[in-house]
Amino acid sequence: MASISFRTLGSSGIKVSPLGLGCMGMSFAYGPVDEAESFRVLRRFIELGGNFFDTAEIYGPYANEELLGRFLREVPRESVVIATKFGFKFVNGERRGVDSSPENVRRACEGSLSRLGLDYIDLYYQHRVDPNVPIEETIGALKELVAAGKIRSIGLSEANPETIRRAAKVHPVAALQSEYSLWTRDVEANGVVSTCRELGIAFVPYSPLGRGFLTGAIQKLSDLDPSDWRLTNPRFAQEVFEANLKLAEAVKKLAAKKNCTPAQYALAWVLAQGNDMIPIPGTKRVKYLEDNMGALAVQLTEIDLQETNETFGELKVAGERYTPEMMTMVHR
Ligand SMILES: NC(=O)c1ccc[n+]([C@@H]2O[C@H](COP(=O)([O-])OP(=O)(O)OC[C@H]3O[C@@H](n4cnc5c(N)ncnc54)[C@H](OP(=O)(O)O)[C@@H]3O)[C@@H](O)[C@H]2O)c1
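No gaps in the numbering here: position 130 of the sequence shown is 131 in our numbering, and each next residue is one more.
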């Protein structure tokens with residue numbers, strides 16, 4: 002991947018590989034973990050030209066940042082771009098709602114720096130907007146962290162256009178992270194993507210593989226470990242599973258025409274939406290990582306994109322992307 006052209010995190014000027022690496026599943030949410038294989042994935046990502054790593058305080062909690070911290074001892078600091086996130090309140094290590102108060106921002110940042118073993122975080126996201134704390138106060142606290150050299154740039158996750166605009170008035174926002182993929186396209190219609198473009202904010206699509214579903218690797222619910230969080234996700238519910246398999250089948254057909262794998266097609270589609278798109282597919286296996294990085298060699302034409310739109314215009318995903326409780330926390 003020596004010749005890949007890097008993309009930029011908004012006006013921060015920070016250069017990142019066009020595909021980042023979502024590290025969440027290495028410690029959290031998606032069933033059993035294997036630290037040795039995770040290390041191989043992290044190393045291989047660098048070998049393949051990647052530099053952009055995504056984690057969060059909540060992944061574990063803490064365990065994912067600790068894992069990344071152990072890995073980061075091996076690599077020169079300037080060769081990697083580390084993004085992490087704050088915004089939840091914890092009681093005895095358990096998540097208890099959101100908290101983006103300035104005090105919690107400062108507490109979380111110190112914790113993340115220590116677990117990652119870093120002097121500074123490249124991109125620090127608010128994970129979920131806190132309805133009880135004006136965004137101006139949160140960004141004000143982040144601005145102070147920028148001035149103190151503890152973070153290089155500021156990001157938001159799952160914020161709506163109004164919140165993005167208010168935040169950007171206090172300090173430039175480098176990146177907005179939201180779910181975006183062939184089966185989750187609400188950010189196209191609700192003004193999030195256009196607001197980011199207007200304000201020069203990079204868009205970081207998370208779950209670009211539809212949490213693995215669009216790759217076709219999940220054909221039945223028993224393919225998921227009983228501990229897997231996806232078993233609680235409405236799109237993976239028994240009642241809609243069969244209907245949603247049609248979407249994975251459609252990706253498979255489109256990919257076959259393009260001589261690539263379904264995962265590569267799903268990622269190439271996101272990458273083709275604009276140079277401001279920096280998807281962060283997640284994996285804990287080297288073979289999937291290598292497959293995903295192959296997406297950078299897949300160029301979709303206007304005709305491919307049109308055909309994809311037509312196919313997915315007819316197929317509707319069944320089920321919300323989160324439970325009702327978790328849906329109240331997005332786009333606010
Ligand atoms: N801001 C937020 O609120 C938020 C929310 C969710 C995620 N994220 C971030 O976004 C990252 C990516 O999202 P995600 O992990 O939820 O979803 P994803 O990238 O859409 O899918 C990950 C799943 O796909 C599987 N997979 C990956 N590559 C594959 C391939 N080539 N073939 C077959 N299966 C493949 C992985 O399996 P294995 O696990 O077995 O490798 C994993 O189960 C996360 O790691 C996290 O850093 C952010």
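Ideal placement from N, C-alpha and C gives every residue a C-beta, glycine not left out.
Return helix, strand or coil for residue i, following the three-state DSSP convention.
i, result
"Ser13", "helix"
"Ser115", "helix"
"Met330", "coil"
"Asp1", "Absent from the model: residue 1. The displayed extent of the chain is 2 to 333, so no value can be given."
"Gly320", "coil"
"Val92", "strand"
"Ile152", "strand"
"Leu20", "coil"
"Gly26", "helix"
"Gly141", "helix"
"Phe7", "coil"
Specify, as a first and last residue, the run of the beta strand (DSSP E) that residue i falls within.
i, result
"Gly98", "Glu95 to Val99"
"Thr85", "Val82 to Phe87"
"Pro206", "Ala203 to Tyr207"
Given residue i, which residues of its chain have a CB within under 8 Å of its CB, disregarding the five upstream and five downstream residues?
i, result
"Ile64", "According to the sequence as given, residue 64 is Ala; it is not Ile. For Ala64, where only same-chain residues beyond five positions count, the Cβ hits under 8 Å are Ser28 and Phe29."
"Ala238", "Gly320"
"Asp131", "Gly88, Val99, Asp100, Ser101, Ser102 and Thr139"
"Leu222", "Leu232, Phe237, Gln239 and Phe242"
"Ser228", "Gly32 and Pro33"
"Pro77", "none"
"Thr309", "Leu183, Leu255, Trp270 and Leu301"
"Tyr121", "Leu114, Gly150, Lys151, Ile152 and Arg153"
What are the boundary residues of the alpha helix (DSSP H) that residue i is part of?
i, result
"Gln178", "Element bounds for Gln178: not the alpha helix (DSSP H) but the beta strand (DSSP E), Ala176 to Glu180."
"Ile165", "Pro162 to Val171"
"Phe40", "Glu36 to Glu48"
"Gln127", "No alpha helix (DSSP H) holds Gln127; the beta strand (DSSP E) holding it covers Leu124 to Gln127."
"Leu157", "Taken as a continuous stretch (DSSP letters only), Leu157 belongs to no alpha helix (DSSP H), being part of the beta strand (DSSP E) at Ile155 to Ser158."
"Ser396", "Absent from the model: residue 396. The displayed extent of the chain is 2 to 333, so no value can be given."
"Tyr289", "Val287 to Met294"
"Asp120", "It is not in any alpha helix (DSSP H) - Asp120 carries neither H nor E in the DSSP assignment."
"Gln274", "Neither: Gln274 is in no alpha helix (DSSP H) and is coded neither H nor E."
"Lys253", "Gln239 to Lys258"
"Asp187", "Asp187 to Ala190"
"Thr312", "Glu303 to Glu315"
"Gly213", "Note, Gly213: premise wrong, no alpha helix (DSSP H); not H, not E."
"Asn65", "Ala64 to Leu73"
Assuming residue i and residue j form a contact by the criterion Cβ under 8 Å, report the distance between their Cβ atoms to the nearest whole angstrom.
i, j, result
"Gly156", "Leu124", "5 Å"
"Ser18", "Gly51", "4 Å"
"Ile83", "Leu117", "6 Å"
"Val287", "Val42", "6 Å"
"Gly26", "Thr185", "Their Cβ separation, rounded to whole angstroms, is 17 Å, which puts Gly26 and Thr185 out of contact at 8 Å."
"Asn260", "Tyr323", "Between Tyr323 and Asn260 the Cβ distance is about 34 Å, and since that is not below 8 Å, they are no contact."
"Leu22", "Leu297", "Rounded, the Cβ-Cβ distance is 13 Å, inconsistent with contact."
"His332", "Asn191", "6 Å"
"Lys144", "Val171", "6 Å"
"Leu146", "Leu73", "Contact doesn't hold; Cβ gap of about 19 Å is too wide."
Kindly list the residues whose CB is nearer than 7 Å to the CB of residue i, restricted to its own chain and excluding five residues on each side of it in sequence; keep chain order.
i, result
"Leu316", "Lys247, Leu248 and Ala251"
"Asn276", "Arg8"
"Ser154", "Leu10, Ser13, Ile15, Asp123, Leu124 and Ala175"
"Lys278", "The residue asked about is misnamed: residue 278 is Met in this sequence, not Lys. Cβ neighbours of Met278 beyond the five flanking positions: Phe204, Pro206, Val271 and Leu272."
"Asp35", "Lys285"
Skipping 5 residues on each side, what residues in its chain have a beta carbon closer than 6 Å to that of residue i?
i, result
"Val188", "Ser179, Tyr181 and Val194"
"Thr216", "Leu210, Pro263 and Ala264"
"Lys86", "Ala57, Tyr126 and His128"
"Thr312", "Ala251"
"Ile136", "Thr164, Arg167 and Ala168"
"Ala160", "Val130"
"Tyr60", "Met25, Ser28 and Phe29"
"Ser158", "Tyr126, His128 and Gln178"
"Val299", "Cys261, Gln265 and Ala269"
"Cys197", "Leu177 and Phe204"
"Asp292", "Thr262 and Ala264"
"Gly201", "Gly11 and Ser12"
Is residue i close to chain D, meaning its C-beta is less than 8 Å from at least one C-beta of that chain?
i, result
"Phe313", "Among the protein chains of the structure shown there is no chain D, as only one such chain exists."
For the 8 Å Cβ check, are there 3 or more pairs between the segment 48–61 and the segment 69–83? yes
Is it the case that the segment 166–173 contacts the segment 132–152, given that we only count it when at least three CB pairs across the two stretches are under 8 Å? yes
Are the segment 109–125 and the segment 39–46 touching, with three or more C-beta to C-beta distances below 8 Å? no
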